[in-house]
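S.K.:
There are 2 protein chains.
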Amino acid sequence: MLGVSTPEMAAIISNHGGLGSLPVGGLSPEVTQQLIRKTKSLTDKPFAVNLFANNIPAYNEEDLEPMKQLLKQLATERGYQLQESDLANFHFYTYHDQIDILIQENITIVSFTFGCLDNQNIKLLKDNGCTLIGTATCLDEALILEANNIDMICLQGIEAGGHRGTFIDNMPLPKISLASLLSQVVNKVRVPVIAAGGINDAQTIQAAFNLGAMAVQVGTAFIGTAESKAIPSYKAMLDTASGNDTVLTKAFSGRWARGFRNEMMNKIEDSGIVVPPYPFQNSLTTTLRKLAQQNDDNQYTSLWAGQFAQATKFKQTKEVFAYLVEQYKSSPHHTGNAINT
Amino acid sequence: MLGVSTPEMAAIISNHGGLGSLPVGGLSPEVTQQLIRKTKSLTDKPFAVNLFANNIPAYNEEDLEPMKQLLKQLATERGYQLQESDLANFHFYTYHDQIDILIQENITIVSFTFGCLDNQNIKLLKDNGCTLIGTATCLDEALILEANNIDMICLQGIEAGGHRGTFIDNMPLPKISLASLLSQVVNKVRVPVIAAGGINDAQTIQAAFNLGAMAVQVGTAFIGTAESKAIPSYKAMLDTASGNDTVLTKAFSGRWARGFRNEMMNKIEDSGIVVPPYPFQNSLTTTLRKLAQQNDDNQYTSLWAGQFAQATKFKQTKEVFAYLVEQYKSSPHHTGNAINT
Numbered sequence: 040m041l042g043v044s045t046p047e048m049a050a051i052i053s054n055h056g057g058l059g060s061l062p063v064g065g066l067s068p069e070v071t072q073q074l075i076r077k078t079k080s081l082t083d084k085p086f087a088v089n090l091f092a093n094n095i096p097a098y099n100e101e102d103l104e105p106m107k108q109l110l111k112q113l114a115t116e117r118g119y120q121l122q123e124s125d126l127a128n129f130h131f132y133t134y135h136d137q138i139d140i141l142i143q144e145n146i147t148i149v150s151f152t153f154g155c156l157d158n159q160n161i162k163l164l165k166d167n168g169c170t171l172i173g174t175a176t177c178l179d180e181a182l183i184l185e186a187n188n189i190d191m192i193c194l195q196g197i198e199a200g201g202h203r204g205t206f207i208d209n210m211p212l213p214k215i216s217l218a219s220l221l222s223q224v225v226n227k228v229r230v231p232v233i234a235a236g237g238i239n240d241a242q243t244i245q246a247a248f249n250l251g252a253m254a255v256q257v258g259t260a261f262i263g264t265a266e267s268k269a270i271p272s273y274k275a276m277l278d279t280a281s282g283n284d285t286v287l288t289k290a291f292s293g294r295w296a297r298g299f300r301n302e303m304m305n306k307i308e309d310s311g312i313v314v315p316p317y318p319f320q321n322s323l324t325t326t327l328r329k330l331a332q333q334n335d336d337n338q339y340t341s342l343w344a345g346q347f348a349q350a351t352k353f354k355q356t357k358e359v360f361a362y363l364v365e366q367y368k369s370s371p372h373h374t375g376n377a378i379n380t
Numbered sequence: 040m041l042g043v044s045t046p047e048m049a050a051i052i053s054n055h056g057g058l059g060s061l062p063v064g065g066l067s068p069e070v071t072q073q074l075i076r077k078t079k080s081l082t083d084k085p086f087a088v089n090l091f092a093n094n095i096p097a098y099n100e101e102d103l104e105p106m107k108q109l110l111k112q113l114a115t116e117r118g119y120q121l122q123e124s125d126l127a128n129f130h131f132y133t134y135h136d137q138i139d140i141l142i143q144e145n146i147t148i149v150s151f152t153f154g155c156l157d158n159q160n161i162k163l164l165k166d167n168g169c170t171l172i173g174t175a176t177c178l179d180e181a182l183i184l185e186a187n188n189i190d191m192i193c194l195q196g197i198e199a200g201g202h203r204g205t206f207i208d209n210m211p212l213p214k215i216s217l218a219s220l221l222s223q224v225v226n227k228v229r230v231p232v233i234a235a236g237g238i239n240d241a242q243t244i245q246a247a248f249n250l251g252a253m254a255v256q257v258g259t260a261f262i263g264t265a266e267s268k269a270i271p272s273y274k275a276m277l278d279t280a281s282g283n284d285t286v287l288t289k290a291f292s293g294r295w296a297r298g299f300r301n302e303m304m305n306k307i308e309d310s311g312i313v314v315p316p317y318p319f320q321n322s323l324t325t326t327l328r329k330l331a332q333q334n335d336d337n338q339y340t341s342l343w344a345g346q347f348a349q350a351t352k353f354k355q356t357k358e359v360f361a362y363l364v365e366q367y368k369s370s371p372h373h374t375g376n377a378i379n380t
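For the protein sequence lines, the chains are W and R, in the order given. Residue 40 is where the first sequence starts when you use the working numbering, and the numbers rise one by one after that. Residue 40 is where the second sequence starts when you use the working numbering, and the numbers rise one by one after that.
This is the structure:
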């Protein structure tokens, strides 16, 4: 959960028997290394490093102009000020810039989303002892990952908070529930499958295992923890979420993602202005989102959350994790699979 | 599954230990009675009769004109001919017209969707020994049904084929997966919950039970059977469904429903013409859909199907049912709950 997860969260999960995940998608090699080293300073256990496997599409600079104007206007309306430099001269880092760091740092588990790593880097990582976990939102994507020698597949149901991992172009966005996705995929691939999307308690964990998952991935349940970087007014929304208040939007980043509806999302969607593709829109909105976060303003930043977006009563990462594990272990049908967060 | 289910299907399921369901939503009292009597002639066991609990909204006749013109044009383009009388003088039957028949025929299980029956009819049916099953697509709807003394709640996940049962106006259409919906609702109501949406095999049945359902409802798996009224070219689509080929549309009926994309859906959606609300649009498209069905034309009729829309290899209702039950009974974690179809 880039922007929410911290080295502390990843380390605590790994220290307590799960597999913590450190998101570094799109970050510079330097920041990637800093975050990895920080996490290593907090745990001796393995943790996963999560990459974005997208390519940068060709896009005309001038096509960004209408969105730039809109964002400047939105900023002003809210009392923020965007400089021209906040909306220009972007440098886009990709996973190609980060692989050397991962190898230098002896990372043993690399997960990724938004695509499939290229053959050269798959081979390089595997030759260096890495286990690779790709993300799929439909059967065809899972088959592509398996055909590319990816070791495990994380199936992301439509319930999942944050960005859709979808990477096949020119098809309708898959909106397949986790249960249907597991049913469609598990018997069609040989590699182990990890279930993501709406996993929030012992029952959803058990259901995923019954549907053939060998592990589950949990995100939203940890957004409200003390160790999360989410701003207080975002955490507070989780405490009162109804379960029917998250929507899919491209407004913040140019990629489909699920979160709570808010003013910035509405204004961008209602403007009728074409949202530039990821990562362009993501970069255009970065400064405004940061300004909002500095002001604990949950109406002008992304508020990613899954469909079953209810907070547990626990507010420490280790407590949420222990709650999920203990609740699951004490449930009548548990099968002893792994919990990955 | 109105338009697909038959008395034969309902009777076979009830005869083999399930609870068959006879859809009569929007039908005349006479046809309702005929279908009930036909089903009774085929089984001595109880079966559910499914009603539509909607009200008829106020709507200006002249506001239907653009859609009428479009449908006439679409008909002509496809070689069909619509008469003016096909698009006018509709009579809308509601459940109010059917309750007396249900009581006369000693129906003991009445399920419904698109709303909640009114208090008077709830009392009348319950005084006559009926068990009532309502349909909910979000927690708030489930709470309304429970508050109205409905005996059981069918939770319809976003995976479900056909019409959404949603009945709270002025809120975004709930698009909650079955797993998330069960998680949200099961601990908040006291009445038993039936799970619907994407139930297609032992694993999905088991997952629903793990999530707290006391029974499951299965639709799409039976569309391809010999006893179903679905046209051959519709049944054939189920055999090759990918799982990512169903969409939600209002094009056919004015209510959101999930089915395979086809030409009529695309043309209505792309026209930009406002789709009149249910049941107006449903009546406007009835003759054209019938003409298409008579020609086994799957491009000009609704093709409802759930998200996990894969056909079993079995083509008899009793075989599909036996397959689901036997596969479930032989699965390692089964808990002995009921299967309702």
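All C-beta atoms in this analysis are idealised placements derived from N, C-alpha and C, irrespective of residue type, glycine included.
#1: Pop quiz: Glu185 of chain R and Ile192 of chain R are said to be a contact at Cβ under 8 Å. What is the actual Cβ separation, rounded to whole angstroms?
#2: Against Ala246 of chain R, what residues of chain W qualify as contacts under a CB-to-CB distance less than 7 Å, listed in chain order?
#3: Counting pairs of beta carbons, one from the region 59-72 of chain R and one from the region 274-291 of chain W, are three or more of them closer than 8 Å?
#4: For Val161 of chain R versus Gly173 of chain R, is the C-beta distance shorter than 7 Å?
#5: Which complete beta strand (DSSP E) runs does the region 215-268 of chain R hold, if anything under 3 residues is left out?
#6: Quick one: which chain W residues come within Cβ less than 8 Å of Asp240 of chain R?
#7: Would you identify the three-state DSSP class for Ser60 of chain R, choosing helix, strand or coil?
#8: Is the region 225-239 of chain R touching the region 255-268 of chain R in the sense that three or more CB pairs, one from each, lie closer than 8 Å?
#9: Using a Cβ-Cβ distance cut-off of 7 Å, determine whether Pro316 of chain R contacts chain W.
#10: From which residue to which residue does the beta strand (DSSP E) around Gln73 of chain W run?
#11: Could you tell me the alpha carbon to alpha carbon distance between Arg328 of chain R and Leu250 of chain W, rounded to whole angstroms?
#12: Anything in chain R within Cβ reach of Gln122 of chain W, meaning under 9 Å, just list it in chain order.
#13: Could you check the C-alpha separation between Leu121 of chain W and Thr340 of chain W for me, to the nearest Å?
#14: Is there at least one Cβ from chain R nearer than 7 Å to Thr152 of chain W's Cβ?
#15: From Asn128 of chain W to Asn209 of chain W, what does the alpha carbon distance come to, in whole angstroms?
#16: Please list the partners that Ser281 of chain W has in chain R, where partner means a Cβ-to-Cβ separation under 9 Å.
#17: Nearest-angstrom Cα distance between Leu163 of chain R and Ser267 of chain R?
#18: Could you compute how far the alpha carbon of Lys214 of chain R sits from the alpha carbon of Ser310 of chain W?
#19: In whole angstroms, give me the CA-to-CA distance for Phe261 of chain W and Ala181 of chain W.
#20: Strictly below 8 Å CB to CB, what residues from chain W border Pro213 of chain R?
#21: I want to see whether chain R comes within less than 7 Å of Thr243 of chain W, judged by CB atoms only; does it?
#22: By the three-class DSSP mapping on this structure, what secondary structure does Ser272 of chain W have?
#23: Please give me, in chain order, every unbroken run of the beta strand (DSSP E) with length at least 3 that falls completely inside the region 124-209 of chain W.
#24: For the region 329-355 of chain W, list every residue whose C-beta sits within 7 Å of some C-beta in chain R, in sequence order.
#25: Excluding sequence positions up to five away, which residues of its chain have a Cβ less than 7 Å from the Cβ of Leu212 of chain R?
#26: In angstroms, rounded to a whole number, what distance separates the CA positions of Ala321 of chain R and Phe291 of chain R?
#27: Mind checking whether Thr351 of chain R and Val359 of chain R have CB atoms under 7 Å apart?
#28: What would DSSP say about Thr45 of chain W, mapped onto helix, strand or coil?
#29: Which residues in chain R sit within 8 Å of Gly237 of chain W, going by Cβ to Cβ distance?
#30: In the region 178-198 of chain W, which residues sit with their C-beta less than 8 Å from some C-beta in chain R, listed in chain order?
#31: Can you tell me the Cβ-Cβ gap for Gly59 of chain W and Ile52 of chain W, rounded? I've got them flagged as a contact below 8 Å.
#32: Tyr132 of chain W: which of W:Leu90, W:Asn301, W:Leu323, W:Gln112 sits nearest, CA to CA?
#33: Suppose you measure from the CA of Tyr317 of chain W to the CA of Ala97 of chain W; what does that come to, to the nearest Å?
#34: For Thr326 of chain R, which residues from the same chain have a beta carbon less than 7 Å from its beta carbon, with the 5 sequence-adjacent residues on both sides left out?
#35: Going by DSSP, what residue range makes up the alpha helix (DSSP H) through Arg328 of chain R?
M.R.: Concretely, from the data shown:
#1: Sequence index remark: in the second sequence, residue 185 of chain R carries index 146 (1-based). Sequence index remark: in the second sequence, residue 192 of chain R carries index 153 (1-based). Their Cβ separation, rounded to whole angstroms, is 7 Å, which keeps Glu185 of chain R and Ile192 of chain R in contact under 8 Å.
#2: Residue 246 of chain R sits at position 207 when you count from the first residue of the second sequence. Counting only Cβ-Cβ distances below 7 Å, Ala246 of chain R has contacts in chain W at Ala218, Ala246, Asn249, Leu250, in chain order.
#3: In the pairwise beta carbon analysis, the region 59-72 of chain R is classified as not touching the region 274-291 of chain W: fewer than three pairs are separated by under 8 Å.
#4: One-based indexing of the second sequence puts residue 161 of chain R at position 122. One-based indexing of the second sequence puts residue 173 of chain R at position 134. The amino acid at residue 161 of chain R is misidentified as Val; the sequence shows Ile. Cβ atoms of Ile161 of chain R and Gly173 of chain R: not closer than 7 Å.
#5: The beta strand (DSSP E) runs lying completely inside the region 215-268 of chain R and spanning 3 residues or more are 232-235, 254-256, given in chain order.
#6: If you number the second sequence from 1, residue 240 of chain R lands on position 201. The answer, in chain order, is Ser222.
#7: Against the second sequence, residue 60 of chain R aligns to sequence position 21. Strand at Ser60 of chain R.
#8: With the cut-off at 8 Å, the region 255-268 of chain R and the region 225-239 of chain R touch.
#9: The residue given as residue 316 of chain R occupies position 277 in the second sequence. It does not: the Cβ of Pro316 of chain R has no partner Cβ on chain W nearer than 7 Å.
#10: For the purposes of this step, residue 73 of chain W is taken as the residue at position 34 of the first sequence. Looking at the DSSP string, Gln73 of chain W is not in any beta strand (DSSP E); the run it does join, the alpha helix (DSSP H), is 68-81.
#11: To locate residue 328 of chain R, count along the second sequence from 1; it is residue 289. To locate residue 250 of chain W, count along the first sequence from 1; it is residue 211. Near 37 Å, if we compare the C-alpha coordinates of Leu250 of chain W and Arg328 of chain R.
#12: Taking the first residue of the first sequence as 1, we reach residue 122 of chain W at position 83. Going along chain R, no residue has its Cβ under 9 Å from Gln122 of chain W, so there is no contact; the nearest lies around 36 Å.
#13: Indexing the first sequence from 1 puts residue 121 of chain W at position 82. Indexing the first sequence from 1 puts residue 340 of chain W at position 301. Straight through space, the alpha carbons of Thr340 of chain W and Leu121 of chain W are spaced by roughly 14 Å.
#14: Here residue 152 of chain W corresponds to residue number 113 of the first sequence, with the count starting at 1. Chain R, which has no Cβ nearer than 7 Å to the Cβ of Thr152 of chain W, makes this no.
#15: Position 89 of the first sequence, counted from the start, is the residue given in the question as residue 128 of chain W. Position 170 of the first sequence, counted from the start, is the residue given in the question as residue 209 of chain W. Asn128 of chain W and Asn209 of chain W: Cα-Cα distance of roughly 29 Å.
#16: The residue given as residue 281 of chain W occupies position 242 in the first sequence. Chain R residues near Ser281 of chain W: Cys177, Leu178, Asp179, Gln223.
#17: Within the second sequence, the letter at position 124 stands for residue 163 of chain R. Within the second sequence, the letter at position 228 stands for residue 267 of chain R. Between the alpha carbons of Leu163 of chain R and Ser267 of chain R lies a gap of roughly 32 Å.
#18: Residue mapping note: residue 214 of chain R aligns to position 175 of the second sequence, counting from 1. Residue mapping note: residue 310 of chain W aligns to position 271 of the first sequence, counting from 1. Counting only the Cα atoms, Ser310 of chain W lies some 24 Å from Lys214 of chain R.
#19: What you label residue 261 of chain W is simply residue 222 of the first sequence in a count that begins at 1. What you label residue 181 of chain W is simply residue 142 of the first sequence in a count that begins at 1. Approximately 26 Å between the Cα atoms of the pair.
#20: The sequence position of residue 213 of chain R within the second sequence is 174, counting from 1. Chain W residues near Pro213 of chain R: Asn283.
#21: The residue given as residue 243 of chain W occupies position 204 in the first sequence. For Thr243 of chain W, the closest Cβ of chain R is nearer than 7 Å.
#22: On the first sequence, position 233 is the one that residue 272 of chain W refers to. If DSSP states are grouped into helix, strand and coil, Ser272 of chain W belongs with the helices.
#23: With a minimum length of 3 residues, the unbroken runs of beta strand (DSSP E) contained wholly in the region 124-209 of chain W fall at 148-152, 170-175, 191-195.
#24: For the region 329-355 of chain W, the set of residues with a beta-carbon nearer than 7 Å to any beta-carbon of chain R comprises Gln346, Phe347, in chain order.
#25: As a working note, residue 212 of chain R is residue 173 in the second sequence. Excluding residues within five positions, the ones whose Cβ falls inside 7 Å are Arg203, Thr205, Trp295.
#26: Sequence index remark: in the second sequence, residue 321 of chain R carries index 282 (1-based). Sequence index remark: in the second sequence, residue 291 of chain R carries index 252 (1-based). In the sequence on display, residue 321 of chain R carries Asn and not Ala. Note on geometry: alpha-carbon atoms of Asn321 of chain R and Phe291 of chain R lie some 6 Å from one another.
#27: By 1-based counting over the second sequence, the position of residue 351 of chain R is 312. By 1-based counting over the second sequence, the position of residue 359 of chain R is 320. Cβ atoms of Thr351 of chain R and Val359 of chain R: closer than 7 Å.
#28: Here the question's residue 45 of chain W lines up with position 6 in the first sequence. Note: Thr45 of chain W maps to coil in three-state DSSP.
#29: Translated into positions along the first sequence, residue 237 of chain W becomes position 198. Result: Ser216, Ala218, Ser219, Ser222.
#30: When CB distances to chain R are screened at a threshold of 8 Å, the residues of the region 178-198 of chain W falling below it are Leu178, Asp179, Gly196, Ile197, Glu198, in chain order.
#31: As a position in the first sequence, residue 59 of chain W is number 20, starting the count at 1. As a position in the first sequence, residue 52 of chain W is number 13, starting the count at 1. About 4 Å separates the beta carbon of Gly59 of chain W from that of Ile52 of chain W, a gap short enough to meet the 8 Å contact definition.
#32: Working through the first sequence from its first residue, we reach residue 132 of chain W at position 93. When each option's Cα is compared against that of Tyr132 of chain W, the closest is W:Leu90.
#33: Position 278 of the first sequence, counted from the first residue, corresponds to residue 317 of chain W. Position 58 of the first sequence, counted from the first residue, corresponds to residue 97 of chain W. When only Cα atoms are considered, Tyr317 of chain W and Ala97 of chain W end up about 11 Å apart.
#34: One-based indexing of the second sequence puts residue 326 of chain R at position 287. The beta carbon of Thr326 of chain R lies closer than 7 Å to those of Leu121, Asp125 in the same chain, with the five residues before and after it left out.
#35: One-based indexing of the second sequence puts residue 328 of chain R at position 289. Annotation for Arg328 of chain R: the continuous alpha helix (DSSP H) segment containing it runs 319-333.
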